[in-house]
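> For the record, the sequence lines run as chains A, B and C.
Residues in the first sequence are numbered from 1 upward in steps of one, following the numbering used here.
Residues in the second sequence are numbered from 1001 upward in steps of one, following the numbering used here.
Residues in the third sequence are numbered from 2001 upward in steps of one, following the numbering used here.
Every residue gets a Cβ at the ideal spot worked out from N, C-alpha and C, and that includes glycine.
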Amino acid sequence: MYTQSFNVPDSPGGKPVPLAPSLEDPVLQAAFDARIDADGRIEPQDWMPEAYRKTLIRQISQHAHSEIVGMLPEGNWISRAPSLKRKAILIAKVQDEGGHGLYLYSAAETLGTSRDQMLEGLHSGRAKYSSIFNYPTLTWADVGVIGWLVDGAAIMNQIPLCRCSYGPYARAMVRVCKEESFHQRQGYEALLEMMTGTEEQKAMVQDAVNRWWWKCLAMFGPPDADSPNSAQGMRWGIKRVSNDELRQKFVDATVPQAKVLGVTLPDRDLKWNEERQHHDYGAIDWDEFWATVNGNGPCNKERLATRVKAHNEGQWVRDAALAHARKQQERKMKEAA
Amino acid sequence: MRAAIDYLLHLADNALVLGQRNAEWCGHGPILEEDIALSNVSLDLIGQARLLYQLVARLKGGNTSEDKLAYFRDAHQFRNYTLLELPHHGPLSGYAHSSMDYGTTIVRNFLYSALMALLWEALEKSADAELAAIAAKSLKEVRYHLRHSRDWLVRLGDGTDESHARAQAAVDHLFPYTAEFWADSPAEEAAIKAGVGVDLQTLKADWNAIVDAAFAEATLQRPTVAGYVPEGKLGRHSEHLGFLLAEMQSLARAHPNGNW
Amino acid sequence: MSTALKEWPLWEIFVRSKQGLEHKHCGSLHAADAAQALDMARDVYTRRQEGVSIWVVESKAITASNPDEKGELFDPAADKIYRHPTFYDIPDEVGHM
């Protein structure tokens, strides 16, 4: 899963600030710019402006953190999945998110950072991750709605990233997209099935849609007018489509799906605009979005503390594996001596 | 046929209960790579359980289904080994809480996989062709589970002082529960007589050899076992299964007529 | 309490997708040693039947060419067009050659 809200700075303080212009070697800079303009790829050993490297590390690690933290809201329902088939699907899906985090951490590591450094950023609260995961999953229908809407929004973002200018990131995204293709479908299908069930089940689906819809719209990040980082990201080819364009695309794609499913999207202003050939939609509550981004949403502290706990309690296991590997190495050397 | 059903339920419940337990690590593993590995183990086990429940449902007929069997039986109707329902930590009363311990997880997976690698292989020759087919599929899976858990057992036992102590504590806690593997049960006896099941006594020496070799490599001591023999496969469980099922079955039971 | 021993090393993973094809780089992961890297590669990179064989190489063991030398390394091959079969004209009546 991915959201464009990653275009927010890691350091606390809220709104993005424009990047300083590059003061580096003009010849190298010109060659880099030319390759970007020609829609070429930048590989790990190529020269790149420091700001490009830093922005990529930030964006890819935030993306990776989101995958890892994103395991928690859905993982919350694995033990209670209402059928064995759904249990297996959900485990496979949450596991995939872990895999995607792993691919992305690896891609970021080609830029000269380490997974430990990135995790340190997450665990200390400095690094951001997608805000959508700071909301609770209250019923089983949330699992379906996350697949349908959150993963649906994610796919809108991820497909353009397969063409991102940084090779390892683009390649990781190709793999992610391939695997992600079942995530949205399984969520939507789970909801379709529930809508053939009891009145309580139908109400559960509608309730979940009501709670997640606006969060999903906000997931695409602030309006283009308020996203100064976006322009630089577009210039660098690490962001291909603007927040508002993607949001519009998402709304237009979702409206007919909601109709087939038989649920109402909770927005009185949502209607087809013949002139624009798009749906109009209501105002997003950006204050609530920024409050959550900045750590004050309903589950921020729980999500972060859970990741920290898993990491800290896993330390002895990781140490043991390394200690054994070293001992084995020493034994081999002794035998050889 | 009754005998075959109870025997199949025993195999199915083993797989489901351990699959449910291992899935508790999803999102909480000691490192991302391992989180993914354990989820694979869980998926295999839940897959095995589903095939076995589906087989039982076919034998029973009527409106029985895999989910009816998994979600609408109570603790005393579950036939899994007690070992498999225990939480991922040392000995504690049913309503006590503790963090999950990876050593406990690994030791349990090892002790059970070592048994099932032998049992599934023997069950490939079951008189029940459908069970034999499930065994052939499960054998490949469990061989990997054994490889995975054995590898980790050695790493933990041989690793650091702390990991050695944790692994040994987990062995001391869990090993006595393996006494249940070798105890008689009417379901197993009937299944053996029908040629459907396998007499575990014939696998005991091989199991001991697998376990002793791994313990030696891991520098872990095998505890002596005496006294209480668990009776999970007879439907008499620990305090922990009730909690596991209460959680697992809650949603399905709240909506007994639901479509999922 | 144990103190951190350092991060697990990074490994590059190569997977052969089916018999007869070459191993192809598919990503990387962290593992304590080669044996563990193999198992983890199986769990991480072949969940959808992507492979029949895996190679693992510790990332630091790879030596890569310098992109600044791209010109002298690779450009000289550009004008050796006579290495390619299409360089040669053969009468049509000869058929496939």
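1. If you check the beta carbons only, do alanine 2099 of chain C and tryptophan 2008 of chain C fall under 7 angstroms apart?
2. When the cut-off is 7 angstroms and only beta carbons count, does leucine 2029 of chain C lie next to chain B?
3. Skipping 5 residues on each side, what residues in its chain have a beta carbon closer than 7 angstroms to that of lysine 1130 of chain B?
4. Check the Cβ of histidine 1164 of chain B against every Cβ in chain C and list those closer than 8 angstroms, keeping chain order.
5. Which same chain residues, not among the five before or five after valine 1225 of chain B, have their C-beta less than 6 angstroms away from its C-beta?
6. List, in order along the chain, the chain A residues whose C-beta lies closer than 7 angstroms to that of valine 2056 of chain C?
7. Residues in the region 1035–1063 of chain B with C-beta within 8 angstroms of chain A's C-beta atoms, listed in sequence order?
8. Chain B beta carbons: is any one of them nearer than 7 angstroms to that of histidine 65 of chain A?
9. Check whether the region 1199–1206 of chain B and the region 319–330 of chain A touch, using three or more Cβ-Cβ pairs below 8 angstroms as the test.
10. Does any C-beta atom of chain C lie closer than 7 angstroms to the C-beta of aspartate 25 of chain A?
11. Taking the CB atoms as reference points, tell me whether proline 2015 of chain C and isoleucine 1036 of chain B lie closer together than 7 angstroms.
12. So alanine 1167 of chain B packs on leucine 1153 of chain B, CB below 8 angstroms; how close in whole Å?
13. Is the separation between the beta-carbon of glycine 165 of chain A and that of glycine 237 of chain A shorter than 7 angstroms?
14. Considering only the alpha carbon of each residue, which of B:Glu1217, B:Asp1151, B:Leu1245, B:Glu1066 lies closest to isoleucine 1005 of chain B?
15. Tell me whether the region 88–104 of chain A and the region 273–280 of chain A touch, counting them as touching only if at least three CB pairs, one residue from each stretch, are closer than 8 angstroms.
16. Is tyrosine 2045 of chain C helix, strand or coil by DSSP?
17. Let me know the secondary structure DSSP gives arginine 1108 of chain B once reduced to three states.
18. Does chain C have any CB closer than 7 angstroms to the CB of glutamate 1033 of chain B?
19. Report yes or no: do the region 1029–1043 of chain B and the region 1064–1078 of chain B share at least 3 C-beta pairs separated by less than 8 angstroms?
20. Using C-beta distances below 8 angstroms, list every residue in its chain close to aspartate 151 of chain A, excluding the 5 sequence neighbours before and after it, in chain order.
21. Residues in the same chain with beta-carbon distance under 7 angstroms from proline 12 of chain A, minus the five sequence neighbours each way, listed in chain order, please.
22. Run through chain A and tell me which residues come within less than 7 angstroms of leucine 2010 of chain C, C-beta to C-beta.
23. Which ranges does the alpha helix (DSSP H) cover as unbroken runs of at least 4 residues, wholly within the region 118–146 of chain A, from first to last along the chain?
24. Going by beta carbon distance, what residues of the same chain come within less than 8 angstroms of glycine 1090 of chain B, once the five residues before and after it are set aside?
25. Throw me the rounded Cβ distance for the leucine 1241 of chain B and alanine 1075 of chain B pair, which I believe falls under 8 angstroms.
26. Indicate the three-state DSSP secondary structure (helix, strand or coil) for arginine 2016 of chain C in the structure shown.
27. Excluding the five sequence neighbours on either side, which residues of its own chain have a C-beta within less than 6 angstroms of the C-beta of tryptophan 213 of chain A, listed in chain order?
28. Quick check: the Cα distance between glutamate 1124 of chain B and glutamine 2036 of chain C, rounded to an integer number of angstroms?
29. Applying a beta-carbon distance threshold of less than 7 angstroms, which residues of chain A neighbour serine 1099 of chain B?
30. Might you give, ordered along the chain, the residues of its own chain that have their beta carbon closer than 6 angstroms to the beta carbon of isoleucine 2090 of chain C, omitting 5 neighbours on each side?
31. So tryptophan 2011 of chain C and valine 2056 of chain C are in contact, right, with Cβ under 8 angstroms, and what is the actual spacing, rounded?
32. Could you check the C-alpha separation between phenylalanine 6 of chain A and isoleucine 1046 of chain B for me, to the nearest Å?
So, from the listed chains and residues:
1. Any property of residue 2099 of chain C remains undetermined from this structure, which presents chain C solely from 2001 to 2097.
2. yes
3. Per the sequence presented here, residue 1130 of chain B reads as glutamate, with lysine not at that position. Correct list, in chain order: Leu1055.
4. The contacting residues do not exist; histidine 1164 of chain B stays about 11 angstroms from chain C at best.
5. Pro1176, Ala1179
6. Under the 7 angstroms cutoff, chain A gives no residues; its nearest Cβ is about 13 angstroms from valine 2056 of chain C.
7. Asp1035, Ile1036, Ser1039, Asn1040, Ser1042, Leu1043, Ile1046, Gly1047, Ala1049, Arg1050, Tyr1053
8. no
9. no
10. no
11. For the record, residue 2015 of chain C in the displayed sequence is valine; it is not proline. No, the Cβ-Cβ distance between valine 2015 of chain C and isoleucine 1036 of chain B is not below 7 angstroms.
12. 7 angstroms
13. The question names glycine, but residue 165 of chain A in the sequence shown is serine. Going by C-beta atoms, serine 165 of chain A is nearer than 7 angstroms to glycine 237 of chain A.
14. Checking every option, the nearest Cα to that of isoleucine 1005 of chain B belongs to B:Glu1066.
15. no
16. Tyrosine 2045 of chain C: helix per DSSP, three-state reduction.
17. helix
18. yes
19. no
20. Met1, Glu180, His183, Gln184, Gly187
21. Since pLDDT at proline 12 of chain A reaches only 47, below the 50 mark, its modelled position is unreliable, and no value is offered.
22. Per Cβ cutoff of 7 angstroms: Glu109.
23. 140–145
24. Ser1098, Asp1101, Thr1104, Ala1169, Ala1170, His1173
25. 5 angstroms
26. strand
27. Leu265, Pro266
28. 30 angstroms
29. At a C-beta separation below 7 angstroms, serine 1099 of chain B has these neighbours in chain A: Glu313.
30. Met2097
31. 5 angstroms
32. Summary for phenylalanine 6 of chain A: the model assigns pLDDT 48, below 50, so the residue's position carries little reliability; its value from the coordinates is reported in the next sentence. Distance between the alpha carbons of phenylalanine 6 of chain A and isoleucine 1046 of chain B: 36 angstroms.
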